[in-house]
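Position in the sequence shown (first residue = 1) + 191 = my numbering. Every residue, glycine too, gets a C-beta built ideally from N, C-alpha and C. Just so it is clear, the structure is predicted and the values come from calculations on it, not from any experiment.
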Amino acid sequence: MYPPTPDQTTFDELGRQLPPPPARPDDPDPAEATAAVELPFWPRVGLIVVGVLLLLVGVAGLFLPGIQGIVTILVGVAVLSLVSQRAYRFLRWSLSRWPAALERVEHLREKANGWIDRKTGRGDPKDACR
């Protein structure tokens, strides 16, 4: 049997109405779609290169001793999430079981976005003197 859609009413064995299923963590947030801001070309390329390199090191770390593979992969995805909505959705999905970690990553993403805005001149001119 297929799972019900949120607009369908479902009932349990005793005929009681059940609440609609919760939204999945990988569903895009409506505010998220409007929050995507394009970076200038070179910072975007730099973040993609750093993110891909971290992903490769993380994959190597899965097999080599001394490198935390999964942590490095998550850091690489976090860097890529600054330039890719798909990577951001994957990061949210992969950390949905650990809300404290997701909140910390969100805070670090905001700080990184602020730093990138100041360095590229996209932010508030008052913030550039920090």
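Cutting at 8 Å between CB atoms, please list the residues of its own chain near residue i, excluding the five before and the five after it.
{"i": "Lys310", "result": "Pro234"}
{"i": "Val274", "result": "Leu230, Arg235, Leu238, Ile239, Gly242"}
Using the C-alpha atoms, what's the distance from residue j back to residue i?
{"i": "Gln276", "j": "Leu230", "result": "13 Å"}
{"i": "Val300", "j": "Ile261", "result": "Note that residue 300 is Arg in the sequence shown here, rather than Val. If I take the Cα positions, the gap works out to 19 Å."}
{"i": "Arg283", "j": "Val270", "result": "13 Å"}
{"i": "Val296", "j": "Arg280", "result": "13 Å"}
{"i": "Ala303", "j": "Ala291", "result": "18 Å"}
{"i": "Leu293", "j": "Leu265", "result": "11 Å"}
{"i": "Leu255", "j": "Ile307", "result": "33 Å"}
Using a Cβ-Cβ cutoff of less than 6 Å, which residues in the same chain neighbour residue i once the five nearest sequence positions on both sides are dropped?
{"i": "Phe232", "result": "none"}
{"i": "Ser272", "result": "Ala278, Tyr279, Leu282"}
Apart from the five residues just before and just after residue i, which ones in its own chain have a Cβ nearer than 7 Å to its Cβ?
{"i": "Thr263", "result": "Leu245, Val248, Gly249, Gly252"}
{"i": "Ile258", "result": "Val248, Ala251, Gly252"}
Quick check on DSSP: helix, strand or coil for residue i?
{"i": "Arg277", "result": "helix"}
{"i": "Ala226", "result": "Here the model assigns Ala226 a pLDDT of 47, short of 50, so the residue's position is not dependable, and the following value carries that caveat. Note: Ala226 maps to helix in three-state DSSP."}
{"i": "Ser287", "result": "coil"}
{"i": "Leu244", "result": "helix"}
{"i": "Ile258", "result": "coil"}
Smallest Cα separation from residue i: which of the options?
{"i": "Gly267", "options": "Glu297, Gly305, Ile239", "result": "Ile239"}
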